[in-house]
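Numbering-wise, the sequence shown is residues 1255 to 1795 according to the working numbering.
Worksheet for the structure shown next.
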Amino acid sequence: VFELGKKGFDVVIGNPPYVRQEAIADPQMLREKLGNQNKKAYKAKLAPAGYQALPHFFGYDPAKDKASRKLGGRCDLYIYFYLKGLSLLNPKGSFCFITSNSWLDVGYGKDLQEFLLKQCHVKMIIDNQVRRSFAASDVNTIIALLSPPLDAGESAFDRPARFIMFKVPFEQILSPVIFEEIEEAADRKTTPEYRVHPIRQESLFDDGCEILQKGKVDDKPIGPLIKVARYIGNKWGGKYLRAPDIFHRVCIAAREALVPLGSLGRVRYPIKTGINEFFYVRSDVIDRFGIEDQFLVRVVKSPKEFFGIRLRENDLSTYLFACPKSTKELRDQNCWGALNYIQSGSMQKTTARQKSGGGVPWPEAPSVRGRRHWYSVEPIRPADVICNRFFNERFFFGYADFPVVEDQTFYGCTFHARSRSAVALQRAVLNSTVQFLLTEICGRVGLGQGVLQYATYEMGQMLTLDAERFTRQERSRLTPAFRGLVDHEIPAIAKGFASEERKALDGAVFDALGLTRREREAVYEAVIELVEQRLKKARSL
């Protein structure tokens, strides 16, 4: 094929393996012989293979075996198949893969996105909102139809990328007429069978860029200021495949008020104790040792513990043992409950197997031995908002009026130096139905179980409305409306829009955005439909 003047294959088509980055290893090695070193060595060979396949984009120098541009280390295995497969095409060839949809929305997909926008024509990205493709693979997939990489000097920015969401199973739309309509669509178009969103690749690139100002250190000029665009990735799956028409109308209406949550505050990963069996305690253990109240902080572990948006203290049954004092200080201050509990814990051993053939004492466990006191955890400021990592049928951004820490199913968000009234306003906006629409679009749905998922950085990038950019009159309606909602039971989305309290809060946000009555109805319809589609698709196979 390569020697006959064709310079590659006419078609590369495939369904490469879906292997998460932490599981990537030499497939020819026996599993029992695989260790972290083997995996690390194998992954170290994958990136250079990608650089060699597309040397122009990665700035690869064969003589030095180095690339000026690096692939992210968290790439799933199929990303490397994209790079290799595209390099095997002749200049008139066609590339078609069916893979997990994750690269459209997650951080490690940004390198592939940028390469495609600059070097290829993204002819079609195809999804199906009603049925998964593989019963045996618990992931959601997309089909990517791409052109070969362009010659050096050519630009792909003037090409239209087309994102197509089919509303019926694929076997019902195998018609050349439908695909001719899709190829001819110059603007966003919705029909009973499909929705197509064409967009220039230059616009896609701009939408995924962060504008940096070179010539500044700590926000102080050190020379001529030059604005440089750096591609940081975009939510292709959320914004251009799953998003209904009303989402784009809301974005236009919101204008300057629409910002990433991370610009308003810090989104943090939940607390890492190191030894949950020790640090998480319940009432029976507290009573048995007589642990003093000053060393106990309530822990929220599950969304089911939220009856309403505002946590109720009596609904939490787990406490974090948080003791910053030395054992001498505990003795001097007669804190015998905490002291006895620590001494009891120091005699326990980890259950994980070590090279010696047994566990190690808790104080010597790698996760705690570097601390000043093995039994202490870093102090954590109570969050202004408790954010779910996983969304199913209920949407809410909770909070507590008492000290509480988040377990692994939540992120905490602490706003930048805002007053209590400003925090209350932002909580109100985050619990509006407009925010539920934004949350559904900005998350990822790569898991086949139908769960909407967020990583820490994605929660920071999630779009929200900055309440402080509303007028004083608009803000004055938000707080009382939200106050009437916080202690009501949080219903499933399909049942959540009937209460007067919900209508009052949403009405204040809708009015601030200037949405018409029909647009308000469309927001409700879109949120219900997006959630139902996500859950029904999970059950389709």
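Virtual Cβ for every residue (Gly too), placed ideally from N, Cα, C.
Run of the beta strand (DSSP E) containing residue i, from where it starts to where it stops
{"i": "residue 1460", "result": "It is not in any beta strand (DSSP E) - residue 1460 instead sits in the alpha helix (DSSP H) that spans 1455–1461."}
{"i": "residue 1505", "result": "Residue 1505 -> not in any beta strand (DSSP E); alpha helix (DSSP H) instead, spanning 1499–1508."}
{"i": "residue 1642", "result": "1639–1642"}
{"i": "residue 1665", "result": "1664–1669"}
{"i": "residue 1398", "result": "1395–1400"}
{"i": "residue 1431", "result": "No beta strand (DSSP E) contains residue 1431, which is instead part of the alpha helix (DSSP H) from 1430–1438."}
{"i": "residue 1718", "result": "1717–1719"}
{"i": "residue 1513", "result": "1512–1514"}
Under the three-state DSSP convention, the category residue i falls into
{"i": "residue 1375", "result": "coil"}
{"i": "residue 1270", "result": "coil"}
{"i": "residue 1617", "result": "helix"}
{"i": "residue 1687", "result": "helix"}
{"i": "residue 1443", "result": "strand"}
{"i": "residue 1299", "result": "helix"}
{"i": "residue 1608", "result": "Low local confidence applies: a pLDDT of 44 at residue 1608 is under 50, so the model's placement there is unreliable, and no value is given."}
{"i": "residue 1315", "result": "strand"}
{"i": "residue 1756", "result": "helix"}
{"i": "residue 1471", "result": "Low confidence applies to residue 1471: its pLDDT is 48, below 50, so where it sits in the model is not reliable, and the reading given next is rough at best. DSSP places residue 1471 in strand when its eight states are reduced to three."}
{"i": "residue 1278", "result": "coil"}
{"i": "residue 1362", "result": "helix"}
{"i": "residue 1479", "result": "Because the pLDDT of residue 1479 is 48, which lies under 50, any placement of that residue in the model is unreliable, and the number read from its coordinates should be weighed accordingly. Here residue 1479 sits in strand by DSSP."}
{"i": "residue 1546", "result": "coil"}
{"i": "residue 1576", "result": "coil"}
{"i": "residue 1261", "result": "coil"}
{"i": "residue 1381", "result": "strand"}
{"i": "residue 1703", "result": "coil"}
{"i": "residue 1710", "result": "helix"}
{"i": "residue 1489", "result": "coil"}
{"i": "residue 1310", "result": "helix"}
{"i": "residue 1676", "result": "helix"}
Whether residue i touches residue j by CB criterion (7 Å)
{"i": "residue 1331", "j": "residue 1278", "result": "yes"}
{"i": "residue 1796", "j": "residue 1605", "result": "Any question about residue 1796 goes unanswered here, given that the chain covers just 1255 to 1795."}
{"i": "residue 1672", "j": "residue 1511", "result": "no"}
{"i": "residue 1418", "j": "residue 1352", "result": "no"}
{"i": "residue 1348", "j": "residue 1308", "result": "no"}
{"i": "residue 1562", "j": "residue 1740", "result": "yes"}
{"i": "residue 1660", "j": "residue 1524", "result": "yes"}
{"i": "residue 1788", "j": "residue 1658", "result": "no"}
{"i": "residue 1576", "j": "residue 1551", "result": "yes"}
{"i": "residue 1272", "j": "residue 1393", "result": "yes"}
{"i": "residue 1335", "j": "residue 1281", "result": "no"}
{"i": "residue 1782", "j": "residue 1747", "result": "yes"}
{"i": "residue 1496", "j": "residue 1450", "result": "no"}
{"i": "residue 1355", "j": "residue 1491", "result": "yes"}
{"i": "residue 1313", "j": "residue 1303", "result": "no"}
{"i": "residue 1244", "j": "residue 1664", "result": "The structure shown has nothing for residue 1244, since the chain only spans 1255 to 1795."}
Exposed unless 16 or more other CB atoms sit within 10 angstroms - verdict on residue i
{"i": "residue 1403", "result": "buried"}
{"i": "residue 1760", "result": "buried"}
{"i": "residue 1426", "result": "exposed"}
{"i": "residue 1428", "result": "exposed"}
{"i": "residue 1317", "result": "exposed"}
{"i": "residue 1488", "result": "buried"}
{"i": "residue 1649", "result": "buried"}
{"i": "residue 1401", "result": "buried"}
{"i": "residue 1446", "result": "exposed"}
{"i": "residue 1255", "result": "exposed"}
{"i": "residue 1295", "result": "exposed"}
{"i": "residue 1749", "result": "exposed"}
{"i": "residue 1607", "result": "Annotation note: pLDDT 49 at residue 1607 (below 50); position unreliable, coordinate value reported separately. By the neighbour-count rule (16 or more Cβ atoms within 10 Å), residue 1607 is not buried but exposed."}
{"i": "residue 1610", "result": "With a pLDDT of only 39 at residue 1610, under 50, the local geometry of the prediction cannot be trusted, and the value read off the model is given with reservation. It counts as exposed."}
{"i": "residue 1290", "result": "exposed"}
{"i": "residue 1267", "result": "exposed"}
{"i": "residue 1579", "result": "buried"}
Boundaries (first-last residue) of the alpha helix (DSSP H) holding residue i
{"i": "residue 1343", "result": "Where residue 1343 is concerned, there is no enclosing alpha helix (DSSP H), although the beta strand (DSSP E) it sits in stretches over 1343–1354."}
{"i": "residue 1417", "result": "From DSSP, residue 1417 is part of no alpha helix (DSSP H) but of the beta strand (DSSP E) over 1414–1420."}
{"i": "residue 1777", "result": "1771–1792"}
{"i": "residue 1591", "result": "1590–1600"}
{"i": "residue 1584", "result": "1581–1586"}
{"i": "residue 1408", "result": "Taken as a continuous stretch (DSSP letters only), residue 1408 belongs to no alpha helix (DSSP H), as it is neither H nor E."}
{"i": "residue 1519", "result": "Per DSSP, residue 1519 belongs to no alpha helix (DSSP H); it is in the beta strand (DSSP E), 1519–1522."}
{"i": "residue 1734", "result": "1726–1737"}
{"i": "residue 1660", "result": "Per DSSP, residue 1660 belongs to no alpha helix (DSSP H); it is in the beta strand (DSSP E), 1658–1660."}
{"i": "residue 1532", "result": "1530–1533"}
Exercise. Can at least three beta-carbon pairs, one atom from the stretch 1746–1757 and one from the stretch 1711–1722, be found at a separation below 8 Å?
Worked result: no
Exercise. Pairing CB atoms from the stretch 1365–1385 with CB atoms from the stretch 1455–1465, are three or more of them under 8 Å?
Worked result: yes
Problem set entry | Touching by the beta-carbon criterion (3+ pairs, under 8 Å), the stretch 1633–1653 and the stretch 1676–1696 | yes
Exercise. Okay, do the stretch 1524–1540 and the stretch 1726–1733 touch, 3+ Cβ pairs below 8 Å being the bar?
Worked result: no
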